[in-house]
Amino acid sequence: MMSAHADFSRADTGGTLSFTGDLSLARIGDLPARLAAVSDDVKTLDLSQIDRIDTVGAWVIHRFARDHGATVEGLGEDAQYLFDQVAAAEQPVALRDPPQDPFQRVVGEVGDAVVQAGHTLYGLLGFLGATIIAFANVALHPRRFRFNATVHRFEVVGVSALGIIGLMSFLIGIVIAQQGAVQLRQFGAEIFTINLVGRITLRELGVLMTAIMVAGRSGSAFAAQIGTMKLTEEIDAMRTIGVSPIEALVLPRTISVVLMMPLLGFYSSLVGIIGGCLLCWVALDIPPITFVQKIREVVPLTDLWVGLIKAPVFGAIIAIAGCYQGMLVENDAEQVGHRTTTAVVQAIFLVIVVDAFFAVFFEQIGWL
Amino acid sequence: MALNRAPRSEEPVIRVRGLRNTFGEAVIHDDLDLDVRPGEILGVVGGSGTGKSVLMRSIIGLQPPAAGSIEVFGENTIGREETEAVDIRKRWGILFQGGALFSTLTVSENVQVPLKEFYPGLDEQLLQEIAGYKVVMSGLAPDAGPKYPAELSGGMKKRAGLARALALDPELLFLDEPTAGLDPIGAAAFDELTASLQKTLGLTVFLITHDLDTLYAICDRVAVLADQRVIAVGTIPELLALDHPWIQEYFNGPRGRNAVKAADPPRMPGRTRKRGS
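Spelled out as structure tokens, the structure:
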């Protein structure tokens with residue numbers, strides 16, 4: 002059953018508009034526009050001939066009656082009730098808050114971002130402190146140490162990452178050797194490709210690439226896990242039964258990453274060197290035995306130490322950034338995603354900043 | 102008078118026949134039949150895990166059943182794409198348990214989404230006014246309009262969800278536990294609101310609830326889900342006359358008795374609502 006479109010007509014005698022048809026959202030058509038075109042004096046709106054009315058129809062009539070000071074007549078009991086409800090609901094409701102002046106907004110956002118960055122750094126340092134205190138507490142009361150949780154993290158953070166980190170390092174070793182060989186060949190110095198591969202993977206790339214991969218794999222997972230636990234009030238529940246979330250959640254994760262990073266970093270360097278060795282063999286005709294001999298000559302042991310010293314620091318940064326961002330989640334599932342992204346970005350950024358400091362430091366102490 | 106009263110033909114608005122739903126090995130519904138009559142508020146009750154929400158999701162076409170037929174307004178809803186069955190989609194409104202508001206839009210914009218989708222010709226001014234009075238009619242303060250869902254409390258989210266469900270002035274309204282998580286005053290106000298909207302708009306309401314007060318206050322009939330089927334449909338006095346252990350426990354348990362006392366006398370079938378006017 003399709004009812005008639007909403008319509009209205011005007012008696013010749015003037016002040017009354019008579020409405021007919023179905024005054025509902027689906028059938029209202031251009032009635033609002035045509036009503037808006039009625040400019041002269043209207044005293045009464047007669048609705049006794051309509052088939053049906055819904056809130057949209059009632060609103061359109063109410064709006065017209067209000068603007069023209071007209072009265073509405075002829076509604077049945079139920080329809081009158083509906084009409085009154087709609088009329089009573091008239092209040093100014095904004096769609097969204099008015100937009101700010103663009104200049105003000107940009108300045109405001111820049112200011113906010115700066116303040117926010119300061120707060121984050123401050124919060125991160127505070128969180129690092131809390132973790133260190135928790136570590137000290139656990140060291141004093143070793144029975145509170147969550148051995149199983151920590152060992153479980155070894156597997157998740159370390160062992161499970163071996164495949165992807167190995168593949169990545171192998172490929173990077175090949176790329177460095179290949180690019181180095183192309184450049185060095187111009188001076189007839191292909192043999193220095195070995196120096197390049199050996200030193201750069203042990204000093205810088207092995208640990209740095211591992212840190213980036215661990216930040217993406219584990220830092221993000223920490224933020225998402227702890228954030229979700231925050232959301233489901235698990236963390237609050239822990240606190241109320243006397244379990245410190247820092248000891249139970251943050252410490253095992255941090256310890257496991259700090260311990261796994263040097264191992265993963267060393268492994269990554271080694272696989273990178275193997276990749277470089279393979280390329281030297283294939284492209285430069287340097288047999289592996291020569292490659293290994295040469296590596297032992299040109300790569301000082303300090304290069305290994307440089308990598309191994311940096312790795313746990315990077316690990317601590319990644320774990321703390323991930324856990325800290327997770328703890329900041331509040332109210333809203335959307336925040337979990339947002340915080341996870343922030344955790345990874347923050348971890349990688351801080352790792353690279355700290356790496357720059359390390360580079361200067363090791364140069365100053367003569368570990369060239 | 103006939104105005105706004107749903108046509109008195111006894112053709113059911115929702116007709117479910119032989120519905121079977123399974124999740125892997127678990128059978129949720131088996132050979133489930135249900136009719137929802139035009140213009141009634143049908144309460145759907147059942148223990149946790151009896152598949153009340155699954156039934157609703159089946160009816161609105163979100164959960165493809167293993168077997169059976171479902172008709173809404175005489176049209177099949179099973180296996181329809183989002184862009185199909187537009188005529189039905191214009192005539193129903195759905196309030197999900199958590200409100201299911203679009204998180205990137207403000208409350209007012211949420212209300213406008215179905216309007217814009219189905220009636221792209223409406224002018225901006227009218228759209229805004231419609232969103233405005235819907236927000237107020239749903240019992241929200243006017244300043245809730247420009248807020249984002251994340252800024253709302255649970256109760257406000259439900260009201261905003263209701264405003265969106267009512268955006269198209271639907272004939273059929275699905276409410277999934279509308280009063281769960283609300284304080285008793287808020288829950289009573291929500292009941293009042295549902296009844297008042299049902300009266301003003303001549304709605305048919307499919308209402309899933311655990312709330313005995315809601316059942317007594319506003320439901321015309323109650324459908325009981327147990328043993329993978331609808332074991333009984335009727336007014337509360339009719340259900341009380343049945344000898345099913347779950348029904349007896351549900352209505353005659355301590356909470357059930359309190360709700361009866363509070364709602365004295367219970368609603369009778371066909372009684373005209375006179376509330377809020």
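As they're listed, the protein sequences go chains A and B.
Under my numbering, residues 2 to 369 are what the first sequence spells out, in order.
Under my numbering, residues 102 to 378 are what the second sequence spells out, in order.
Note that beta-carbon positions come from the ideal geometry of N, C-alpha and C, so glycine has one too.
These figures come from a predicted structure and were not determined experimentally.
* Figure out for me which residue from S239(B), A290(B), G222(B), A333(B) has the closest Cα to the Cα of R265(B). => S239(B)
* Asked: In angstroms, rounded to a whole number, what distance separates the CA positions of E176(B) and T184(B)?
  -> 15 Å
* Element boundaries [beta strand (DSSP E), containing L36(A)] -> First-last for L36(A): 32-38, but that is the alpha helix (DSSP H), not the beta strand (DSSP E).
* Asked: For Q198(B) and chain A, any beta-carbon pair shorter than 8 Å?
  -> no
* Does S204(B) have its Cβ less than 8 Å from a Cβ in chain A? -> yes
* At a Cβ cut of 8 Å, what residues of the segment 333-357 of chain A count as close to chain B, listed as they run along the chain? -> D333, E335
* Short check: CB of A333(B) to CB of L341(B), under 8 Å? -> no
* Check Q198(B) in the structure and name its three-state DSSP category. => coil
* Asked: What does P243(B) touch in chain A if you count any residue whose Cβ is under 7 Å from its own?
  -> Q92, P93, V94
* Partner residues on chain A for I231(B), Cβ-Cβ distance less than 7 Å -> V57, W60
* **From V259(A), V61(A), I175(A), residue whose alpha carbon lies closest to that of P313(A)** => V259(A)
* What span of residues does the alpha helix (DSSP H) with G277(A) cover, start to end? -> 252-285
* Using the C-alpha atoms, what's the distance from E335(A) back to A238(A)? -> 22 Å
* Between which two residues does the alpha helix (DSSP H) containing F275(B) stretch? -> Where F275(B) is concerned, there is no enclosing alpha helix (DSSP H), although the beta strand (DSSP E) it sits in stretches over 273-277.
* Kindly identify the DSSP beta-bridge partner or partners of F9(A). => F20(A)
* Mark P114(B) as exposed unless 16 or more other C-beta atoms lie within 10 angstroms of its C-beta, in which case mark it buried. => In the sequence as presented, Pro is not what sits at residue 114(B); that position holds Val. When all chains shown are included, V114(B) counts as buried.
* Asked: Can you tell me whether D378(A) is buried or exposed, with buried defined as 16 or more other CB within 10 angstroms of its CB?
  -> Because chain A in this structure spans residues 2 to 369, residue 378(A) falls outside the shown range and cannot be described.
* Asked: Buried or exposed: which applies to A72(A), given that a residue is buried once 16 or more other Cβ atoms fall within 10 Å of its Cβ?
  -> Reading off the sequence, residue 72(A) comes out as Thr, not Ala. Its Cβ having fewer than 16 others within 10 Å, T72(A) is exposed.
* Asked: Since P33(A) meets chain B, which of its residues come closer than 8 Å, beta carbon to beta carbon?
  -> D224, L227
* To do: Express the C-alpha separation of G199(A) and V158(A) in angstroms, rounding to a whole number.
  => 26 Å
* If we count Cβ pairs, one from each stretch, closer than 8 Å, do we get three or more for the segment 158-171 of chain B versus the segment 141-148 of chain B? -> no
* T342(A), enclosing alpha helix (DSSP H) - first and last residue -> 334-365
* Would you identify the three-state DSSP class for G144(B), choosing helix, strand or coil? => strand
* To do: Would you mind reading off the limits of the beta strand (DSSP E) that contains R138(B)?
  => It is not in any beta strand (DSSP E) - R138(B) carries neither H nor E in the DSSP assignment.
* Asked: How long is the line joining the alpha carbons of A224(A) and Y325(A), rounded to whole angstroms?
  -> 7 Å
* Output the boundary residues of the beta strand (DSSP E) element that contains T303(A). => Unbroken run through T303(A) is the alpha helix (DSSP H), 302-328; no beta strand (DSSP E).
* Asked: List, in order along the chain, the chain B residues whose C-beta lies closer than 8 Å to that of Q370(A)?
  -> The requested residue 370(A) is not part of the displayed model; chain A covers only 2 to 369.
* Asked: Helix or strand or just coil, what does DSSP make of E74(A)?
  -> strand
* Along chain A, in chain order, which residues have C-beta atoms closer than 7 Å to that of Y317(B)? -> Correct list: empty, because the minimum Cβ distance to chain A is about 23 Å.
* Asked: Does the distance from the C-beta atom of P253(A) to that of R147(A) stay below 8 Å?
  -> yes
* Compute the beta-carbon to beta-carbon distance between R53(A) and D23(A), rounded to the nearest angstrom, for a pair I have assumed lies under 8 Å. => 5 Å
* To do: Give the interface partners of S25(A) over in chain B, defined as CB-CB distance under 9 Å, in chain order.
  => D270
* Uninterrupted alpha helix (DSSP H) stretches inside the segment 136-204 of chain A (no shorter than 4 residues) -> 148-154, 163-186, 194-201
* Apart from the five residues on each side of it in sequence, which residues of its chain come closer than 7 Å, Cβ to Cβ, to R204(A)? -> D304, V307, G308
* Asked: Do T301(B) and L46(A) have their CB atoms nearer than 8 Å?
  -> no
* Asked: Would L36(A) pass as a contact of G75(A) if the rule is Cβ separation under 8 Å?
  -> no
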